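Each residue of the sequence shown is one higher than the last, beginning at 1 in full-length UniProt numbering.
Virtual Cβ for every residue (Gly too), placed ideally from N, Cα, C.
Note that the structure is predicted; figures quoted are calculated from it, not measured.
One structure is given below, encoded as structure tokens.
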Amino acid sequence: MQYKNGKEVLPPHLLKELQNYIQGELLYIPKKTNERAGWGEVNGSRRLIAKRNEEIYRLYQDGQSFEELERIYNLSLDSIRKIVYKTREIYNESNQ
1 MQYKNGKEVL PPHLLKELQN YIQGELLYIP KKTNERAGWG EVNGSRRLIA
51 KRNEEIYRLY QDGQSFEELE RIYNLSLDSI RKIVYKTREI YNESNQ
């Protein structure tokens, strides 16, 4: 969070109104709730994991076993299964 001087960012009439409630102190103004980025959207993690999951599914479709995928991606067998089943659902829904 970065400090901003109200005198520099607020219109004079709004600054004057705020001074009726608070003066010379820090005031936090939260973001609008609908403007918050989802997990991994800012740094690209979400996109990278989606790409990895698609690759896992493609390799499974090409004949790789769950155990081989577990070793390749250093994920648990349960995680590999969940990724394959979830990705299969997504592909099936998009093809209908």
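Distance, R71 Cα to E54 Cα: 17 Å
For N5 and Y57, the rounded distance between their alpha carbons: 51 Å
Where the alpha helix (DSSP H) through I90 begins and ends: L77 to S94
Alpha helix (DSSP H) segments (min. 4 residues) lying fully within the stretch 6 to 71: Runs found: 6 to 9, 12 to 19 and 45 to 61.
Residue nearest to I49 in terms of C-alpha spacing, selected from I83, H13 and Q2: I83
Backbone secondary structure at Y73 - three-state DSSP: helix
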